[in-house]
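For the sequence shown, the positions run 1 to 368 when full-length UniProt numbering is used. Think of the CB as a built atom: it goes at the ideal place given N, C-alpha and C, for glycine as much as any other residue. Owing to the predicted nature of the structure, the values given are computational and were not obtained by experimental measurement. Encoded as C-alpha coordinates, the structure appears first; notes follow it.
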Amino acid sequence: MANIHTAYLHSLVLQHQCHPLQLVAELTSASFCHEYLVYEHENEWAIGINKRLQLTVNHRSEVCDFEGKVAQVNPHHLCQYIHRATQTLSGEDWRLFGRADFEFSRFAHDLPQQECQHPLLELFVAETELRITATHVIIRTFESSVLAQIQAIITRVSCLPAPLPLQGQPCSQQDIVGGIEVKHHYQQAVDLAVNEIKANQYKKVILSRPAILPFNIDITKSFINGRMNNTPARSFMLKLNNMQAFGFSPETVLEVDERGTLSTQPLAGTRLLPQDKTDAARLKNELLNDPKEIAEHAASVKLAIEELEQVCDPSSVHVSEFMTVSERGSVQHLASRVKGQLATDKSAWDAFRVLFPSITASGIPKRE
(Lines of atoms letter the chains of each structure in order from A and count residues from 1; the text may use other names and numbers.)
(Lines give C-alpha, C1' and ligand atoms only; values in the text may rest on other atoms or scores of the structure.)
Protein backbone atom coordinates (compact mmCIF):
# COMPACT_ATOMS: atom_id res chain seq x y z
CA MET A 1 0.00 0.00 0.00
CA ALA A 2 1.37 3.42 -0.99
CA ASN A 3 1.41 6.42 1.33
CA ILE A 4 -1.60 8.72 0.87
CA HIS A 5 -1.15 12.40 1.70
CA THR A 6 -4.06 13.79 3.72
CA ALA A 7 -2.90 17.31 4.62
CA TYR A 8 -5.71 19.83 4.35
CA LEU A 9 -5.09 22.67 1.89
CA HIS A 10 -6.96 25.38 3.80
CA SER A 11 -7.39 26.02 7.51
CA LEU A 12 -9.01 28.78 9.51
CA VAL A 13 -9.74 29.46 13.19
CA LEU A 14 -12.70 31.70 13.99
CA GLN A 15 -14.18 32.99 17.21
CA HIS A 16 -17.92 32.60 17.61
CA GLN A 17 -20.78 33.42 19.96
CA CYS A 18 -23.15 30.73 18.74
CA HIS A 19 -24.90 27.99 20.63
CA PRO A 20 -22.84 24.96 19.43
CA LEU A 21 -25.90 22.76 18.99
CA GLN A 22 -27.59 25.33 16.77
CA LEU A 23 -24.40 25.82 14.77
CA VAL A 24 -24.11 22.06 14.20
CA ALA A 25 -27.70 21.94 12.95
CA GLU A 26 -27.14 24.79 10.48
CA LEU A 27 -23.82 23.46 9.16
CA THR A 28 -25.17 19.96 8.53
CA SER A 29 -28.17 21.46 6.69
CA ALA A 30 -26.02 23.65 4.42
CA SER A 31 -26.14 23.21 0.65
CA PHE A 32 -22.51 22.04 0.46
CA CYS A 33 -23.08 19.31 3.08
CA HIS A 34 -24.17 16.12 1.30
CA GLU A 35 -22.97 13.61 3.90
CA TYR A 36 -21.76 14.17 7.43
CA LEU A 37 -20.89 12.64 10.76
CA VAL A 38 -21.16 14.64 14.00
CA TYR A 39 -19.53 13.52 17.25
CA GLU A 40 -19.77 15.40 20.54
CA HIS A 41 -17.47 14.67 23.47
CA GLU A 42 -16.13 16.73 26.37
CA ASN A 43 -17.66 20.02 25.22
CA GLU A 44 -16.26 19.73 21.69
CA TRP A 45 -18.18 18.98 18.52
CA ALA A 46 -16.39 17.32 15.61
CA ILE A 47 -18.04 17.39 12.19
CA GLY A 48 -16.79 15.53 9.13
CA ILE A 49 -18.51 16.83 6.00
CA ASN A 50 -18.40 14.84 2.73
CA LYS A 51 -15.83 12.15 1.96
CA ARG A 52 -12.40 12.87 0.52
CA LEU A 53 -11.04 9.34 1.02
CA GLN A 54 -12.84 6.29 2.33
CA LEU A 55 -12.39 2.65 3.27
CA THR A 56 -15.32 0.24 3.36
CA VAL A 57 -15.91 -3.39 4.33
CA ASN A 58 -18.93 -5.25 2.95
CA HIS A 59 -20.70 -8.42 4.09
CA ARG A 60 -18.49 -10.56 1.84
CA SER A 61 -15.35 -9.41 3.70
CA GLU A 62 -14.28 -7.34 0.70
CA VAL A 63 -12.30 -4.23 1.57
CA CYS A 64 -12.23 -1.19 -0.68
CA ASP A 65 -9.24 0.76 0.63
CA PHE A 66 -8.41 4.47 0.59
CA GLU A 67 -6.97 4.15 -2.93
CA GLY A 68 -10.16 2.53 -4.22
CA LYS A 69 -8.55 -0.90 -4.55
CA VAL A 70 -10.77 -3.88 -3.65
CA ALA A 71 -9.35 -6.95 -1.90
CA GLN A 72 -10.97 -10.12 -0.59
CA VAL A 73 -9.69 -10.44 2.98
CA ASN A 74 -9.86 -13.40 5.35
CA PRO A 75 -12.41 -12.36 8.02
CA HIS A 76 -9.91 -13.25 10.76
CA HIS A 77 -7.45 -10.73 9.29
CA LEU A 78 -9.86 -7.88 8.58
CA CYS A 79 -8.84 -5.67 11.48
CA GLN A 80 -5.12 -6.17 10.79
CA TYR A 81 -5.78 -5.21 7.15
CA ILE A 82 -7.67 -2.09 8.24
CA HIS A 83 -4.81 -1.18 10.58
CA ARG A 84 -2.28 -1.42 7.75
CA ALA A 85 -4.52 0.66 5.49
CA THR A 86 -4.78 3.46 8.06
CA GLN A 87 -0.98 3.48 8.37
CA THR A 88 -0.76 4.60 4.73
CA LEU A 89 -2.38 7.92 5.61
CA SER A 90 0.21 10.64 6.03
CA GLY A 91 -0.03 14.31 6.90
CA GLU A 92 -0.16 16.36 10.06
CA ASP A 93 -2.85 15.53 12.61
CA TRP A 94 -5.10 13.56 10.25
CA ARG A 95 -8.39 12.24 11.58
CA LEU A 96 -10.82 9.56 10.52
CA PHE A 97 -14.57 9.54 10.94
CA GLY A 98 -16.51 6.31 10.69
CA ARG A 99 -19.18 3.87 11.77
CA ALA A 100 -19.53 0.12 12.18
CA ASP A 101 -22.69 -1.97 12.05
CA PHE A 102 -23.42 -4.43 14.85
CA GLU A 103 -23.16 -7.20 12.22
CA PHE A 104 -19.48 -6.39 11.59
CA SER A 105 -18.75 -8.33 14.80
CA ARG A 106 -19.94 -11.56 13.15
CA PHE A 107 -16.60 -11.71 11.31
CA ALA A 108 -14.74 -12.00 14.63
CA HIS A 109 -16.93 -14.89 15.80
CA ASP A 110 -16.97 -17.04 12.63
CA LEU A 111 -20.65 -16.37 12.08
CA PRO A 112 -22.21 -16.19 8.58
CA GLN A 113 -23.16 -12.78 7.24
CA GLN A 114 -26.49 -11.92 5.68
CA GLU A 115 -26.80 -10.03 2.40
CA CYS A 116 -26.47 -6.29 3.04
CA GLN A 117 -26.64 -3.40 0.57
CA HIS A 118 -24.55 -0.93 2.57
CA PRO A 119 -21.05 -1.30 4.09
CA LEU A 120 -20.78 -2.97 7.48
CA LEU A 121 -17.88 -0.65 8.29
CA GLU A 122 -16.77 2.60 6.73
CA LEU A 123 -13.99 5.04 7.58
CA PHE A 124 -13.39 8.33 5.84
CA VAL A 125 -11.17 11.39 5.73
CA ALA A 126 -13.58 14.32 5.54
CA GLU A 127 -13.42 16.82 2.71
CA THR A 128 -14.17 19.48 5.32
CA GLU A 129 -13.58 19.01 9.03
CA LEU A 130 -14.77 21.31 11.80
CA ARG A 131 -14.08 21.37 15.52
CA ILE A 132 -16.46 23.52 17.53
CA THR A 133 -15.76 24.56 21.12
CA ALA A 134 -17.67 27.04 23.26
CA THR A 135 -15.68 29.94 21.78
CA HIS A 136 -13.93 28.86 18.56
CA VAL A 137 -14.50 27.03 15.28
CA ILE A 138 -11.49 25.30 13.71
CA ILE A 139 -11.99 24.66 9.99
CA ARG A 140 -9.80 22.44 7.82
CA THR A 141 -10.80 21.75 4.25
CA PHE A 142 -9.68 20.71 0.80
CA GLU A 143 -12.30 23.03 -0.74
CA SER A 144 -11.65 26.77 -0.38
CA SER A 145 -15.15 27.56 -1.67
CA VAL A 146 -16.80 26.41 1.57
CA LEU A 147 -14.87 28.81 3.82
CA ALA A 148 -17.01 31.83 2.96
CA GLN A 149 -20.20 29.77 3.32
CA ILE A 150 -19.17 28.53 6.77
CA GLN A 151 -18.27 32.06 7.88
CA ALA A 152 -21.67 33.30 6.71
CA ILE A 153 -23.44 30.55 8.68
CA ILE A 154 -21.47 31.41 11.84
CA THR A 155 -22.36 35.10 11.46
CA ARG A 156 -26.04 34.31 10.96
CA VAL A 157 -26.30 31.82 13.83
CA SER A 158 -24.50 34.18 16.24
CA CYS A 159 -27.47 36.53 15.93
CA LEU A 160 -29.98 33.84 16.87
CA PRO A 161 -31.16 33.13 20.43
CA ALA A 162 -30.30 29.85 22.12
CA PRO A 163 -32.42 27.01 20.70
CA LEU A 164 -35.74 26.36 22.36
CA PRO A 165 -37.52 23.00 22.44
CA LEU A 166 -38.84 22.56 18.93
CA GLN A 167 -42.52 22.46 18.13
CA GLY A 168 -43.95 19.71 15.99
CA GLN A 169 -45.85 16.48 16.09
CA PRO A 170 -44.11 14.30 18.69
CA CYS A 171 -43.73 10.55 18.43
CA SER A 172 -45.16 9.00 21.58
CA GLN A 173 -44.10 5.74 23.15
CA GLN A 174 -47.43 4.34 22.02
CA ASP A 175 -46.58 5.31 18.43
CA ILE A 176 -43.26 3.50 18.67
CA VAL A 177 -44.10 0.26 20.46
CA GLY A 178 -47.88 0.27 20.65
CA GLY A 179 -48.63 -1.95 17.67
CA ILE A 180 -50.19 -5.28 18.63
CA GLU A 181 -47.78 -7.22 16.41
CA VAL A 182 -44.77 -5.39 17.86
CA LYS A 183 -45.91 -6.06 21.42
CA HIS A 184 -46.69 -9.71 20.75
CA HIS A 185 -43.34 -10.33 19.03
CA TYR A 186 -41.44 -8.65 21.88
CA GLN A 187 -43.30 -10.60 24.56
CA GLN A 188 -42.46 -13.84 22.76
CA ALA A 189 -38.80 -12.80 22.54
CA VAL A 190 -38.71 -12.06 26.28
CA ASP A 191 -40.25 -15.44 27.14
CA LEU A 192 -37.74 -17.23 24.91
CA ALA A 193 -34.79 -15.31 26.38
CA VAL A 194 -35.83 -16.06 29.96
CA ASN A 195 -36.18 -19.77 29.21
CA GLU A 196 -32.80 -19.91 27.47
CA ILE A 197 -31.11 -18.13 30.40
CA LYS A 198 -32.68 -20.69 32.76
CA ALA A 199 -31.26 -23.42 30.49
CA ASN A 200 -27.77 -21.86 30.89
CA GLN A 201 -27.51 -21.00 27.20
CA TYR A 202 -26.83 -17.36 28.05
CA LYS A 203 -25.80 -15.33 31.06
CA LYS A 204 -27.20 -12.04 29.82
CA VAL A 205 -29.53 -11.14 26.94
CA ILE A 206 -29.99 -7.70 25.40
CA LEU A 207 -33.21 -7.50 23.40
CA SER A 208 -33.97 -4.94 20.72
CA ARG A 209 -36.90 -4.45 18.40
CA PRO A 210 -37.64 -2.45 15.25
CA ALA A 211 -40.38 0.14 15.21
CA ILE A 212 -42.49 1.28 12.27
CA LEU A 213 -43.32 4.94 12.87
CA PRO A 214 -46.63 6.47 11.77
CA PHE A 215 -44.87 9.35 9.99
CA ASN A 216 -41.43 10.45 8.83
CA ILE A 217 -39.35 12.12 11.52
CA ASP A 218 -36.95 15.04 11.18
CA ILE A 219 -33.58 13.65 12.28
CA THR A 220 -31.93 17.00 12.97
CA LYS A 221 -34.83 18.42 14.97
CA SER A 222 -35.18 15.15 16.88
CA PHE A 223 -31.47 15.23 17.70
CA ILE A 224 -31.71 18.82 18.95
CA ASN A 225 -34.70 18.02 21.16
CA GLY A 226 -33.04 14.89 22.51
CA ARG A 227 -29.75 16.66 23.22
CA MET A 228 -31.47 19.54 25.00
CA ASN A 229 -33.13 17.05 27.34
CA ASN A 230 -30.04 14.93 27.92
CA THR A 231 -26.55 15.21 29.42
CA PRO A 232 -24.75 12.41 27.58
CA ALA A 233 -21.05 11.64 27.84
CA ARG A 234 -21.13 11.75 24.04
CA SER A 235 -23.64 12.15 21.24
CA PHE A 236 -23.65 11.59 17.50
CA MET A 237 -25.63 12.33 14.36
CA LEU A 238 -24.88 11.12 10.85
CA LYS A 239 -26.04 11.03 7.27
CA LEU A 240 -24.05 8.50 5.25
CA ASN A 241 -25.03 6.43 2.21
CA ASN A 242 -28.67 7.56 2.39
CA MET A 243 -28.88 6.46 6.02
CA GLN A 244 -29.53 8.87 8.88
CA ALA A 245 -29.12 8.21 12.59
CA PHE A 246 -28.51 9.94 15.90
CA GLY A 247 -27.96 8.82 19.45
CA PHE A 248 -26.65 9.54 22.94
CA SER A 249 -24.21 7.27 24.73
CA PRO A 250 -22.99 7.12 28.34
CA GLU A 251 -20.21 4.60 27.62
CA THR A 252 -17.35 3.82 25.25
CA VAL A 253 -16.50 0.52 23.61
CA LEU A 254 -12.79 1.32 23.34
CA GLU A 255 -10.47 4.22 24.12
CA VAL A 256 -6.79 4.14 23.13
CA ASP A 257 -4.15 6.80 23.76
CA GLU A 258 -0.81 7.41 22.04
CA ARG A 259 1.00 5.29 24.64
CA GLY A 260 -1.13 2.23 23.88
CA THR A 261 -3.21 2.41 27.06
CA LEU A 262 -6.60 0.81 26.42
CA SER A 263 -9.78 1.22 28.37
CA THR A 264 -13.35 0.07 28.06
CA GLN A 265 -16.31 1.15 30.14
CA PRO A 266 -19.02 -1.44 30.78
CA LEU A 267 -22.29 0.00 32.04
CA ALA A 268 -24.91 -2.35 33.40
CA GLY A 269 -27.66 -1.47 35.83
CA THR A 270 -29.96 1.53 35.45
CA ARG A 271 -32.44 3.50 37.52
CA LEU A 272 -34.34 6.72 37.00
CA LEU A 273 -32.72 9.96 38.12
CA PRO A 274 -35.65 12.09 39.30
CA GLN A 275 -35.23 15.79 40.08
CA ASP A 276 -36.22 15.20 43.69
CA LYS A 277 -32.91 14.55 45.49
CA THR A 278 -34.48 12.28 48.10
CA ASP A 279 -36.01 10.04 45.44
CA ALA A 280 -32.76 10.08 43.46
CA ALA A 281 -30.76 9.00 46.52
CA ARG A 282 -33.26 6.24 47.30
CA LEU A 283 -33.03 4.85 43.76
CA LYS A 284 -29.23 5.11 43.81
CA ASN A 285 -29.10 3.08 47.02
CA GLU A 286 -31.51 0.56 45.48
CA LEU A 287 -29.28 0.28 42.41
CA LEU A 288 -26.13 -0.29 44.49
CA ASN A 289 -27.80 -3.00 46.56
CA ASP A 290 -29.86 -4.88 43.97
CA PRO A 291 -28.42 -8.44 43.72
CA LYS A 292 -29.60 -8.81 40.12
CA GLU A 293 -27.99 -5.55 38.98
CA ILE A 294 -24.77 -6.29 40.87
CA ALA A 295 -24.51 -9.80 39.40
CA GLU A 296 -25.11 -8.54 35.84
CA HIS A 297 -22.60 -5.74 36.28
CA ALA A 298 -19.94 -8.06 37.72
CA ALA A 299 -20.43 -10.46 34.78
CA SER A 300 -19.93 -7.57 32.34
CA VAL A 301 -16.73 -6.44 34.07
CA LYS A 302 -15.41 -10.02 34.12
CA LEU A 303 -15.94 -10.35 30.36
CA ALA A 304 -14.28 -6.96 29.74
CA ILE A 305 -11.21 -8.17 31.66
CA GLU A 306 -11.09 -11.40 29.64
CA GLU A 307 -11.36 -9.46 26.37
CA LEU A 308 -8.59 -7.01 27.22
CA GLU A 309 -6.33 -9.88 28.26
CA GLN A 310 -6.49 -11.12 24.64
CA VAL A 311 -4.75 -7.99 23.31
CA CYS A 312 -2.90 -6.60 26.33
CA ASP A 313 -0.07 -7.68 28.56
CA PRO A 314 -2.27 -9.73 30.94
CA SER A 315 -0.46 -8.38 34.01
CA SER A 316 -1.43 -4.83 32.99
CA VAL A 317 -5.18 -5.45 32.90
CA HIS A 318 -6.93 -3.98 35.92
CA VAL A 319 -10.20 -2.42 37.06
CA SER A 320 -9.60 1.30 37.64
CA GLU A 321 -13.21 2.09 38.56
CA PHE A 322 -15.78 -0.34 39.91
CA MET A 323 -19.51 0.16 40.33
CA THR A 324 -19.52 3.93 40.48
CA VAL A 325 -22.84 5.59 39.74
CA SER A 326 -22.85 7.71 36.59
CA GLU A 327 -25.64 10.29 36.33
CA ARG A 328 -26.78 11.06 32.80
CA GLY A 329 -29.90 13.10 32.09
CA SER A 330 -32.92 11.30 33.49
CA VAL A 331 -31.12 8.07 34.41
CA GLN A 332 -28.26 6.80 36.57
CA HIS A 333 -26.07 3.83 35.67
CA LEU A 334 -23.66 1.47 37.39
CA ALA A 335 -20.33 2.10 35.67
CA SER A 336 -16.89 0.49 35.77
CA ARG A 337 -13.70 1.01 33.78
CA VAL A 338 -11.20 -1.68 32.80
CA LYS A 339 -7.73 -0.70 31.55
CA GLY A 340 -4.69 -2.43 30.08
CA GLN A 341 -1.51 -1.88 28.08
CA LEU A 342 -1.69 -2.91 24.42
CA ALA A 343 0.70 -5.78 23.64
CA THR A 344 3.60 -4.85 21.35
CA ASP A 345 2.40 -7.20 18.59
CA LYS A 346 -1.19 -5.89 18.66
CA SER A 347 -2.88 -2.78 17.27
CA ALA A 348 -5.86 -0.76 18.39
CA TRP A 349 -7.83 -2.52 15.63
CA ASP A 350 -7.06 -5.89 17.23
CA ALA A 351 -8.60 -4.48 20.40
CA PHE A 352 -11.63 -3.25 18.48
CA ARG A 353 -12.09 -6.74 17.06
CA VAL A 354 -12.47 -8.35 20.50
CA LEU A 355 -14.34 -5.53 22.24
CA PHE A 356 -16.91 -4.63 19.58
CA PRO A 357 -19.81 -4.48 20.14
CA SER A 358 -19.96 -3.40 23.76
CA ILE A 359 -21.01 -6.00 26.31
CA THR A 360 -24.10 -3.99 27.17
CA ALA A 361 -25.25 -4.25 23.55
CA SER A 362 -24.29 -7.86 22.81
CA GLY A 363 -25.19 -9.83 25.92
CA ILE A 364 -23.07 -12.66 27.34
CA PRO A 365 -21.55 -14.73 25.80
CA LYS A 366 -21.00 -12.49 22.79
CA ARG A 367 -20.85 -15.16 20.11
CA GLU A 368 -24.27 -16.52 20.98
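Looking from the CA of Ile4, the closest CA among Ile47, Arg84, His34, Ala25 belongs to Arg84.
Annotation: the stretch 120-147 contains the following complete segments of the beta strand (DSSP E) (minimum length 3 residues), in chain order: 121-132, 136-141. Counting the other Cβ atoms within 10 Å of the Cβ of Gln117 gives fewer than 16, which makes it exposed. Exclusion of the five residues before and after Leu78 leaves Phe107 as the residues of its chain whose Cβ lies within less than 6 Å of its Cβ. Cβ-Cβ distances below 6 Å link Asn50 to His34, Glu35, Glu127 in the same chain, with the five nearest sequence neighbours on each side left out; the list follows chain order. For Tyr36, the enclosing beta strand (DSSP E) stretches over residues 36-41.
Close CB contacts of Thr231 within its chain, under the 7 Å cut and outside five residues either way in sequence, are with Arg328, Gly329 (chain order).
Residue pairing of Leu272 in beta bridges, as defined by DSSP: Val331. Going by beta carbons, Val70 and Leu121 fall outside the 8 Å limit. Of all alpha-carbon atoms in Glu307, Val317, Ser326, Val319, the one lying nearest the alpha-carbon of Leu272 is that of Ser326. Checking the DSSP bridge columns, you'll see His5 partnered with Ser90. In the structure shown, Phe102 adopts helical secondary structure according to DSSP, grouped into three states. In the DSSP annotation of this structure, the continuous segment of the beta strand (DSSP E) that includes Ile47 starts and ends at 44-57. Ser362: member of the alpha helix (DSSP H) spanning 359-362, first to last residue. The beta carbon of Ala100 lies closer than 6 Å to those of Leu121 in the same chain, with the five residues before and after it left out. Apart from the 5 residues on each side of it in sequence, Thr141 sits with its Cβ closer than 8 Å to the Cβ of Tyr8, Leu9, His10, Ser11, Glu127, Thr128, Glu129, Leu147 in its chain, given in chain order.
Looking at the backbone, the Cα of Tyr81 and that of Ile47 are separated by about 26 Å. Residue pairing from DSSP leaves Lys302 without any beta-bridge partner.
When the Cα atoms are used, Ala281 and Ser90 turn out to be separated by approximately 51 Å. Asp65 counts as buried, since no fewer than 16 other beta carbons sit within 10 angstroms of its beta carbon. Taking C-beta separations shorter than 8 Å and ignoring five residues to either side along the sequence, the partners of Leu213 in its chain run Cys171, Asp175, Ile176, following chain order.
The beta carbon of His136 sits closer than 8 Å to the beta carbons of Val13, Leu14, Gln15, His16 from its chain, once the five residues preceding and following it are set aside; these are given in chain order. Within the model, the alpha-carbon separation for Pro274 versus Arg60 is close to 47 Å.
Here Lys239 is buried. Its C-beta has 16 or more other C-beta atoms within 10 Å.
Counting only residues of its own chain and dropping the five nearest sequence neighbours on each side, Glu321 has a CB closer than 6 Å to the CB of Ser336, Arg337. Judged by beta-carbon spacing, Leu254 lies beyond the 8 Å limit of Ala361, meaning their Cβ atoms are not closer than that value.
A check of alpha carbon separations from Ala268 across Gln173, Ser249, Ser222, Asp257 identifies Ser249 as the nearest. Distance between Leu27 and Glu309, taken at the CA atoms: about 42 Å.
Taken through DSSP and simplified to helix, strand or coil, Ala245 comes out as strand. Boundaries of the beta strand (DSSP E) harbouring Gln72: 70-72, taken from the DSSP string. Taken in chain order, the whole alpha helix (DSSP H) runs of length 4 or more contained in the stretch 180-212 are 180-198. As a beta-bridge residue in DSSP terms, His10 pairs with Thr141.
By the C-beta density criterion, Cys312 is buried, having at least 16 other C-beta atoms within 10 angstroms. Annotation: the continuous alpha helix (DSSP H) that includes Leu23 extends over 20-28.
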